[in-house]
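Working notes for the structure below.
Protein chains: 2
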Amino acid sequence: MPFTVITEILKKMIKNDKVLLGHGSGGKLSHDLVSDLFVKYFNNNYLDKQTDAAILELSGNQLSFTTDSFVVDPIFFPGGNIGKLAVCGTVNDLAVSGATPLYLSAGFIIEEGFSFEDLETIVRSMAEEAKKAGVVIVTGDTKVVNRGKCDKIFINTAGIGKIETQHVHIGEGSRIKPGDKIIINGSIGDHGMAVLAARKELNIQSDIQSDCASLNGLIQNILTASDGIKFMRDATRGGLATVLAELADKKDFGITLEESSLLVRPKVRAFCELLGFDPLYIANEGKVVVIVDPDSAEKVIQAMIANEFGKDARIIGEITDGYPGKAWINTGIGGKRILDMLAGEQLPRIC
Amino acid sequence: MPFTVITEILKKMIKNDKVLLGHGSGGKLSHDLVSDLFVKYFNNNYLDKQTDAAILELSGNQLSFTTDSFVVDPIFFPGGNIGKLAVCGTVNDLAVSGATPLYLSAGFIIEEGFSFEDLETIVRSMAEEAKKAGVVIVTGDTKVVNRGKCDKIFINTAGIGKIETQHVHIGEGSRIKPGDKIIINGSIGDHGMAVLAARKELNIQSDIQSDCASLNGLIQNILTASDGIKFMRDATRGGLATVLAELADKKDFGITLEESSLLVRPKVRAFCELLGFDPLYIANEGKVVVIVDPDSAEKVIQAMIANEFGKDARIIGEITDGYPGKAWINTGIGGKRILDMLAGEQLPRIC
């Protein structure tokens, strides 16, 4: 059998005609699903950019518009719950696009028999977080499905923000250049490990707290402190590694990360080692990756440190002209490892 | 035992601490859930109005913003599928607020193992319907949950429209006066009965078609034809009766409907009689209730008839100064019956 025929057979075997958990991972399969299906059919300039928020022009104003559904399991975890997460997630997607988040919608899908007390706790958290973030939940919808047809509660939030013309490029990262510094506002892996540890079936005692937070205040501070911000992205599903691999993909620059500069809290590290996870691929819900010109790095870090969610801000790597299209990490023991997008799914229903 | 004590005990027995299917019905329980929980905690002027879309002011522009989640079962039915429905539903919510629908978001929650072929069909329908309606799907999100944790696929759409100042009052109906005419663009009950008939467990052979359609074209036509439009609302969950009962509630006018003027297709009527449903409470997905000053009624009907989705447009009732706060129907046999909001749930997962 010629090699090409074998290849075709293999391809057919690998080709899967069912949706897998990995298609919702935020990694490679999600990326492919978006490219192959949504961009293909919905076919427009906004989606082509594959940023988390679309930038719309409306009578001379630039708006940022985004949506996210939340299916986290369990719905309550140390540091937050599905409601707080639904507000923070959309606020952050707007903020990293360079926008000031203003208005949110909230769509609830609730399982018949869900407790009103829990619903009230969730709604109260959403209200509190919206107030903190300075956004208003202006419209909503509730659907109830028969028992067993969804898992407790799913929440979708969509959001609208206003974006000043000078920040429109930030979501795309079109001004990134070799030499630019990569900054993050603290430790990685907290959210994913907090949620995982909260799953009863693991029977783990842990006090790992999710980092779930609305970062629009911090982001406003750094945008005020410096006009050298080239790119921002919240490192949620797929983790820090996926954000950087996706950013480098098909670009004429490379990315190098310094493992020794990364902050992983000891409990998160221990838990990752125990279960065989790589913290670089674990979801965060209060971490923003910022790429800045080298002269602005110190100013940006100082602005972050002045904010409650940026105390551990640090430079973790830089943009290089070597290895274009790839993200690499210099490991603690002197090696060099490539960072690919998350393949498959490490942790389903983490957000 | 004094009567007040018995009343208190009864109240406690009735008070339910679990979410019921009826809380998602679009009727009385939904109304109470929104008032008691969402309006209470999210507490702002936008939600207080309890319209389907919020009207936002942004740098001198008026925007309409709305969201809806779709959990219809089955996901494919005669006349549409969950994807087409998700586009039409949000387009219509924007259009009845007086806005020109412009941009949609799409959030997918998909069950692991869902077929890619079905997903592609759904996404293609969304793209086609968006094109027809002249809106662009600009941003999206996909979550995949483990098998058995949702029912095939749920879709949330949120939408942004632009609204001209002279139409801002339309969603609220603040200019309604006794003597105004109530108009609908055709038959009632088609969507609900089409979906119900498509449920395999009923084992019914039926060719009832859902009326699922984007009505923004028709609505644009009537707004152009007349400046006498006082109110518009799409009669979805809870049906025509719930829209009118909700509108009359706490107002200083009454509403009278003429049963003999309503169009219920023979197959829909037969199916309703068989199963004991009242077509007045059955969901529509392509019907708009319009209240106009009496002088504009004929112009509005002519504009509707000129549109493919308004061929059977007709006056079905009027605003009265008698019976304020209530909606009534003059029945075919000369009686008079009060129309209350849908209590409980007739048909779960109809949209």
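From first to last, the protein sequence lines are chains B and W. Start counting the first sequence at 1; every next residue gets the next number (the numbering used here). Start counting the second sequence at 1001; every next residue gets the next number (the numbering used here). The beta carbon of each residue, even a glycine, is placed where N, CA and C say it ideally should be.
Review point. What residues in its chain sit with their C-beta under 7 Å from that of methionine 1001 of chain W, if we drop five residues either side in the sequence?
Key: The residue you call residue 1001 of chain W lines up with position 1 of the second sequence. Any answer about methionine 1001 of chain W is weak, because its pLDDT of 45 lies below 50 and its placement is not dependable; what the coordinates show is given next. Same-chain partners within the cutoff: there are none.
Practice item. Closer than 9 Å by beta-carbon distance: list the chain B residues that pair up with asparagine 1216 of chain W, in chain order. Key: As a working note, residue 1216 of chain W is residue 216 in the second sequence. Correct list: empty, because the minimum Cβ distance to chain B is about 17 Å.
Review point. For a contact meaning CB atoms closer than 9 Å, what does isoleucine 109 of chain B contact in chain W?
Key: Taking the first residue of the first sequence as 1, we reach residue 109 of chain B at position 109. Result: Gly1024, Ser1069, Val1071, Ile1109, Cys1150, Phe1154 and Asn1156.
Point to revise | Rounded C-alpha distance that separates isoleucine 291 of chain B from phenylalanine 1108 of chain W | key: Here residue 291 of chain B refers to the residue found at position 291 of the first sequence. Here residue 1108 of chain W refers to the residue found at position 108 of the second sequence. One Cα belongs to isoleucine 291 of chain B, the other to phenylalanine 1108 of chain W, and the distance between them is close to 30 Å.
Point to revise | DSSP state of phenylalanine 1038 of chain W mapped onto helix, strand, coil | key: Indexing the second sequence from 1 puts residue 1038 of chain W at position 38. Three-state result, phenylalanine 1038 of chain W: helix.
Review point. When you compare each of B:Thr90, B:Gly60, B:Glu111 and B:Ser206 to tyrosine 103 of chain B by their alpha carbons, which one comes out closest?
Key: Along the first sequence, one-based indexing puts residue 103 of chain B at 103. Looking at the Cα atoms, B:Thr90 is the closest of the given residues.
Check your understanding: In chain order, which continuous runs of the beta strand (DSSP E) of length 3 or greater are located wholly inside the stretch 24–78 of chain B?
Key -> With a minimum length of 3 residues, the continuous beta strand (DSSP E) runs that stay inside the stretch 24–78 of chain B are 54–58 and 61–70.
Exercise for review: Answer yes if the stretch 243–256 of chain B comes into contact with the stretch 195–207 of chain B, meaning at least three C-beta pairs across the two stretches below 8 Å, and no otherwise.
Suggested key: As far as the Cβ criterion goes, the stretch 195–207 of chain B does not touch the stretch 243–256 of chain B, which means the pair count is below three.
Review point. What does phenylalanine 231 of chain B touch in chain W if you count any residue whose Cβ is under 7 Å from its own?
Key: Here the question's residue 231 of chain B lines up with position 231 in the first sequence. Against phenylalanine 231 of chain B, chain W offers no close residue; the least beta-carbon distance is about 18 Å (beta-carbon pairs closer than 7 Å).
**Study point:** Residue nearest to aspartate 1032 of chain W in terms of C-alpha spacing, selected from W:Ser1261, W:Asp1249, W:Ala1327 and W:Arg1269
**Key:** In the second sequence, the residue the question calls residue 1032 of chain W occupies position 32. Residue W:Asp1249 is the option with its Cα nearest to aspartate 1032 of chain W.
Review point. Looking at the structure shown, is serine 115 of chain B part of a helix, part of a strand, or coil, going by DSSP?
Key: Against the first sequence, residue 115 of chain B aligns to sequence position 115. Serine 115 of chain B: strand per DSSP, three-state reduction.
Check your understanding: Got a sec? Which residues, its chain only, sit under 6 Å from aspartate 1073 of chain W by beta carbon, not counting five neighbours each side?
Key -> Here residue 1073 of chain W refers to the residue found at position 73 when the second sequence is read from its first residue. Non-local C-beta neighbours of aspartate 1073 of chain W in its own chain, meaning closer than 6 Å and more than five positions away in sequence, comprise Arg1349, ordered along the chain.
Review point. In this structure, what does DSSP give as the bridge partners for proline 1101 of chain W?
Key: For the purposes of this step, residue 1101 of chain W is taken as the residue at position 101 of the second sequence. Paired residues: W:Gly1161.
Review point. Roughly how many angstroms lie between the CA atoms of isoleucine 338 of chain B and glycine 254 of chain B, to the nearest whole one?
Key: The residue labelled residue 338 of chain B in the question sits at position 338 within the first sequence. The residue labelled residue 254 of chain B in the question sits at position 254 within the first sequence. Isoleucine 338 of chain B and glycine 254 of chain B: Cα-Cα distance of roughly 11 Å.
Review point. So is glutamate 129 of chain B buried or exposed if we call it buried at 16+ other beta carbons inside 10 Å?
Key: Translated into the one-based positions of the first sequence, residue 129 of chain B becomes position 129. Buried, since its Cβ has 16 or more Cβ neighbours within 10 Å.
Review point. Going by Cα to Cα distance, which pick from W:Leu1037, W:Thr1121 and W:Ala1095 is closest to isoleucine 1082 of chain W?
Key: If you number the second sequence from 1, residue 1082 of chain W lands on position 82. Cα-wise, what sits closest to isoleucine 1082 of chain W is W:Thr1121.
Point to revise | Rounded separation between glycine 189 of chain B and leucine 196 of chain B - CA only | key: Position 189 of the first sequence, counted from the first residue, corresponds to residue 189 of chain B. Position 196 of the first sequence, counted from the first residue, corresponds to residue 196 of chain B. If I take the Cα positions, the gap works out to 11 Å.
Practice item. Tell whether a beta-carbon distance below 8 Å holds between glutamate 1285 of chain W and leucine 1085 of chain W. Key: Translated into the one-based positions of the second sequence, residue 1285 of chain W becomes position 285. Translated into the one-based positions of the second sequence, residue 1085 of chain W becomes position 85. Yes, Cβ-Cβ distance for glutamate 1285 of chain W and leucine 1085 of chain W is below 8 Å.
Review point. What is the C-beta distance between alanine 1296 of chain W and serine 1226 of chain W, in whole angstroms, given that I count them as a contact (C-beta under 8 Å)?
Key: Reading the second sequence from its first residue, position 296 is the one you call residue 1296 of chain W. Reading the second sequence from its first residue, position 226 is the one you call residue 1226 of chain W. Rather than alanine, the amino acid found at residue 1296 of chain W in this sequence is serine. Yes, serine 1296 of chain W and serine 1226 of chain W are in contact; Cβ-Cβ is about 4 Å, under 8 Å.
Exercise for review: Could you tell me the boundaries of the beta strand (DSSP E) in which leucine 263 of chain B lies?
Suggested key: Translated into positions along the first sequence, residue 263 of chain B becomes position 263. Boundaries cannot be given for leucine 263 of chain B, as no beta strand (DSSP E) includes it and DSSP labels it neither H nor E.
Check your understanding: Do glutamate 1111 of chain W and isoleucine 1153 of chain W have their C-beta atoms within less than 8 Å of each other?
Key -> Translated into the one-based positions of the second sequence, residue 1111 of chain W becomes position 111. Translated into the one-based positions of the second sequence, residue 1153 of chain W becomes position 153. Yes, they are a contact pair.
Exercise for review: Say whether chain B places a C-beta atom closer than 8 Å to the C-beta of glycine 1332 of chain W.
Suggested key: Locating residue 1332 of chain W in the second sequence gives position 332, where the first residue counts as 1. So no, glycine 1332 of chain W is outside the interface.
Practice item. Report the partner residues of glycine 1254 of chain W according to the DSSP bridge assignment. Key: For the purposes of this step, residue 1254 of chain W is identified with residue 254 of the second sequence, where counting begins at 1. Glycine 1254 of chain W has W:Thr1320 as its beta-bridge partners, per DSSP.
Check your understanding: Under 8 Å, do tyrosine 41 of chain B and valine 1123 of chain W count as touching if we go by C-beta distance?
Key -> To locate residue 41 of chain B, count along the first sequence from 1; it is residue 41. To locate residue 1123 of chain W, count along the second sequence from 1; it is residue 123. With respect to valine 1123 of chain W, tyrosine 41 of chain B sits close: the two C-beta atoms are nearer than 8 Å.
Check your understanding: Roughly how far, in whole angstroms, is the beta-carbon of threonine 51 of chain B from the beta-carbon of serine 105 of chain B, given that I think they are within contact range, below 8 Å?
Key -> Here residue 51 of chain B refers to the residue found at position 51 of the first sequence. Here residue 105 of chain B refers to the residue found at position 105 of the first sequence. That pair is no contact at about 20 Å.
Exercise for review: Determine the extent of the alpha helix (DSSP H) in which lysine 299 of chain B is found, giving its start and end residues.
Suggested key: For the purposes of this step, residue 299 of chain B is identified with residue 299 of the first sequence, where counting begins at 1. From DSSP, the alpha helix (DSSP H) with lysine 299 of chain B extends over 297–305.
Exercise for review: Could you spell out the range, first to last residue, of the beta strand (DSSP E) harbouring alanine 327 of chain B?
Suggested key: Residue mapping note: residue 327 of chain B aligns to position 327 of the first sequence, counting from 1. Residues 327–330.
Exercise for review: Label methionine 304 of chain B either buried or exposed according to how many other C-beta atoms from any shown protein chain fall within 10 Å of its C-beta, with 16 as the threshold for buried.
Suggested key: For the purposes of this step, residue 304 of chain B is taken as the residue at position 304 of the first sequence. Flag for methionine 304 of chain B reads buried.
Review point. Based on Cα-Cα distance, which residue from W:Asp1017, W:His1023 and W:Pro1294 lies nearest to arginine 1237 of chain W?
Key: As a first step, residue 1237 of chain W is located in the second sequence; it is residue number 237 there, counting from the start. Of W:Asp1017, W:His1023 and W:Pro1294, the smallest CA-CA separation from arginine 1237 of chain W is found for W:His1023.
Check your understanding: The alpha helix (DSSP H) spanning threonine 1090 of chain W covers which residue range?
Key -> In the second sequence, residue 1090 of chain W corresponds to position 90, counting from 1. Looking at the DSSP string, the run of the alpha helix (DSSP H) that includes threonine 1090 of chain W is 1082–1096.
Point to revise | Proximal chain A residues relative to lysine 1162 of chain W, where beta-carbon distance stays under 9 Å | key: Although the question refers to chain A, the structure presented lacks it and instead comprises the protein chains B and W.
Exercise for review: Check whether the stretch 1064–1071 of chain W touches the stretch 135–149 of chain B, counting contact only when three or more Cβ pairs, one atom from each stretch, lie closer than 8 Å.
Suggested key: The stretch 1064–1071 of chain W, when compared against the stretch 135–149 of chain B, does touch it at the 8 Å Cβ threshold.
**Study point:** Short-range partners of chain W found in the stretch 105–130 of chain B, where Cβ spacing is below 8 Å
**Key:** Those residues of the stretch 105–130 of chain B that come within reach of chain W (Cβ to Cβ, closer than 8 Å) are Ser105, Ala106, Gly107, Phe108, Ile109, Ile110, Glu111, Glu112, Gly113, Phe114, Ser115, Phe116, Glu117, Leu119, Glu120, Val123, Arg124, Met126, Ala127 and Ala130.
Point to revise | Nearest-angstrom Cβ-Cβ length linking asparagine 216 of chain B and alanine 313 of chain B, presumed shorter than 8 Å | key: Working through the first sequence from its first residue, we reach residue 216 of chain B at position 216. Working through the first sequence from its first residue, we reach residue 313 of chain B at position 313. Between alanine 313 of chain B and asparagine 216 of chain B the Cβ distance is about 16 Å, and since that is not below 8 Å, they are no contact.
Review point. Do you know how far the Cα of leucine 342 of chain B is from the Cα of leucine 10 of chain B?
Key: Indexing the first sequence from 1 puts residue 10 of chain B at position 10. Indexing the first sequence from 1 puts residue 342 of chain B at position 342. Any answer about leucine 10 of chain B is weak, because its pLDDT of 47 lies below 50 and its placement is not dependable; what the coordinates show is given next. Going by C-alpha positions, leucine 10 of chain B is about 22 Å away from leucine 342 of chain B.
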